[in-house]
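Step one of this worksheet: look at the structure below.
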Amino acid sequence: MIEVVGVIFNNKGRTYYFLPDGKQFKKNITVVVETEKGLEFGKIVIENFELVEEKLHSSLKKVLRIATKEDYSNFKKNQKDEKLALDYCRKLIEKMNLNMMVLEAKYTLNREQLTFKFLSDNRVDFRELAKSLASKYKTRIDLRQIGARDKAREVGGCGQCGRSLCCASFLNELDSVSINMAKNQNIALNPTKINGLCGRLLCCLKYEDDNYKECRKCLPKVGQTVAYDDTEGRVVEVDILNQKYFIDVKDKGIIEVKK
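Yeah, the sequence shown ends on 667 if you go by my numbering, and it's all consecutive.
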């Protein structure tokens, strides 16, 4: 077991785990943490608790300190400058006629790096753009291409269930989702029903897929011919979770069969 705390950035998005380094942190306290990009300003959303170390996908960084007034002032200044940097980057993109849409500009707390996240359907040669931005802002520039699902994570919103998007709240990894998962669960293949706000298949289709696969093992497929009493019938419907199916038997009509 390892002691960790949960931190979010910009009051939205997924929760990241950090080592408290022997300190106790209360919920809603703002802190400065060490990340791979540099120092970041965040807020504690989960107080000190123990987590099974095997569940972690990578080594954790530390919470360096409780944020000071100076840290907060720098954070607010960065937010203002990020908006200006975003506008400037968009003007450069239009001038250079690049096929990309920038969604966000983000400084690290110490301004050692300025990251721009963008969407594009194709690979983009942004070398000249990066040079122009580096020349303007005198810091390390990171231009990061993200996908539609990553955009949904960044923007946030509510899903069909009425809750916050899974990707923007608790999902640490965006697993692959296939159309077969919808088929396994007998869900109508209607894009408005099985696609999320990102336009991709719903992440939640994966949650129960293993259970549906297990329940399906003892059930026939729709269209399959099965034996019933002294005759045969064609399977016309399968109720997976209730472990029953319906067959069309000649001269007897539709009959329900429970496993």
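Glycine included, every Cβ here is placed at the ideal spot set by N, Cα and C.
- Cβ contact annotation for K420 (same chain, cutoff 6 Å, sequence separation greater than five): G564, in chain order.
- Contact between the stretch 508-524 and the stretch 546-563 is present: 3 or more CB-CB pairs across the two stretches fall below 8 Å.
- Checking the DSSP bridge columns, you'll see C566 partnered with S572.
- Non-local beta-carbon contacts of L517 in its own chain, meaning distances under 8 Å to residues more than five positions away in sequence, involve V440, G446, L447, E448, F449, D479, N482, F483, N486 in chain order.
- Closest in C-alpha terms to N505, from the list G607, F433, V532, comes V532.
- Under DSSP, the beta-bridge partners assigned to M509 are L527.
- Where D656 is concerned, the enclosing beta strand (DSSP E) starts and stops at 652-657.
- Contact between the stretch 601-621 and the stretch 576-593 is present: three or more C-beta pairs spanning the two stretches fall below 8 Å.
- Put simply, of V510, G555, K652, V453 the residue whose alpha carbon is nearest the alpha carbon of I437 is V453.
- One thing to note: K658 has its Cβ within 9 Å of the Cβ of G641.
- No Cβ-Cβ contact shorter than 9 Å links L597 with G567.
- Straight-line spacing of the CA atoms in C626 and I602 works out to 26 Å.
- If you draw a straight line from the Cα of V412 to the Cα of L468, it is about 9 Å long.
- In this structure, A556 lies near L527, with their beta-carbon atoms less than 9 Å apart.
- When the five nearest sequence neighbours on each side are left out, the beta carbons in the same chain lying within less than 8 Å of the beta carbon of L537 are those of C497, L500, I501, M504, L506, L551, in order along the chain.
- By DSSP's assignment, I452 forms a beta bridge with V415.
- T600 has its alpha-carbon roughly 28 Å from the corresponding atom of V643.
- Of the candidates L472, E458, D618, the residue whose Cα lies closest to the Cα of Q593 is D618.
- Shown here, Q487 sits in a helix according to DSSP, grouped into three states.
- Ranking V471, T443, M508, S466 by CA distance to the CA of D429 puts V471 first.
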